[in-house]
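**Student:**
Numbering (this note's numbering), first residue to last: 2 to 132.
#1: Could you give the uninterrupted runs of the alpha helix (DSSP H) lying entirely in the segment 55-114, keeping only those of 4 residues or more?
#2: Of all the options 110, 18, 45 and 31, which has the alpha carbon lying nearest to the alpha carbon of residue 78?
#3: Go ahead and label residue 119 buried or exposed: buried means 16 or more other beta carbons lie within 10 angstroms of its beta carbon, across all protein chains shown.
#4: Excluding the 5 residues preceding and the 5 following residue 53 in the sequence, name in chain order all residues of the same chain whose CB lies nearer than 6 angstroms to its CB.
#5: Assuming residue 27 and residue 34 make a contact with CB atoms under 8 angstroms, what is their CB distance in whole Å?
#6: Just tell me which of 25, 31, 16 and 29 has its CA closest to the CA of residue 40.
#7: Compute the beta-carbon to beta-carbon distance between residue 113 and residue 82, rounded to the nearest angstrom, for a pair I have assumed lies under 8 angstroms.
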């Protein structure tokens, strides 16, 4: 196994544990997590897990396929954010629940980054056929 893959998995696990601790603290003490820290940790965890998969597969293949896969991942991430914005507009317009602007922005940013990195990993699996 590759050292980069293991290190990225360890980073992802570490950054995944911290938001869970924030959630348990919120459930037990009713102390809301700081939005910038909470959502940033989720973003970094998703990026780390994606990099653990992408670092191994991008080393073996040519640059043109990599650029094509990254471009498709970016487009998929932006499509995900468009759908998320449409849902957010409906939720806020119908007053289903109240959400602060900072939380909404951080949720949308988390969806954008997560959608981009996860779809890039999926496209890598589909088009590069890692072994």
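Just so it is clear, CB atoms sit at the ideal spot from N, CA and C, and this is done for glycine as well.
**Tutor:** With the structure as the only source:
#1: List check, alpha helix (DSSP H) in window: 64-94.
#2: For this step, residue 78 is matched to residue 77 along the chain shown. Of the candidates 110, 18, 45 and 31, the one whose C-alpha sits nearest the C-alpha of residue 78 is 110.
#3: Reading the chain shown from its first residue, position 118 is the one you call residue 119. Buried, because 16 or more other Cβ atoms sit within 10 Å of the Cβ of residue 119.
#4: Here the question's residue 53 lines up with position 52 in the chain shown. Around residue 53: 6, 9 and 10.
#5: On the chain shown, residue 27 is found 26 positions in, with the first residue counted as 1. On the chain shown, residue 34 is found 33 positions in, with the first residue counted as 1. So it is a contact: roughly 6 angstroms between Cβ atoms.
#6: Translated into positions along the chain shown, residue 40 becomes position 39. Considering only alpha carbons, the answer is 16.
#7: On the chain shown, position 112 is the one that residue 113 refers to. On the chain shown, position 81 is the one that residue 82 refers to. Indeed they touch by this definition, with Cβ atoms about 4 angstroms apart.
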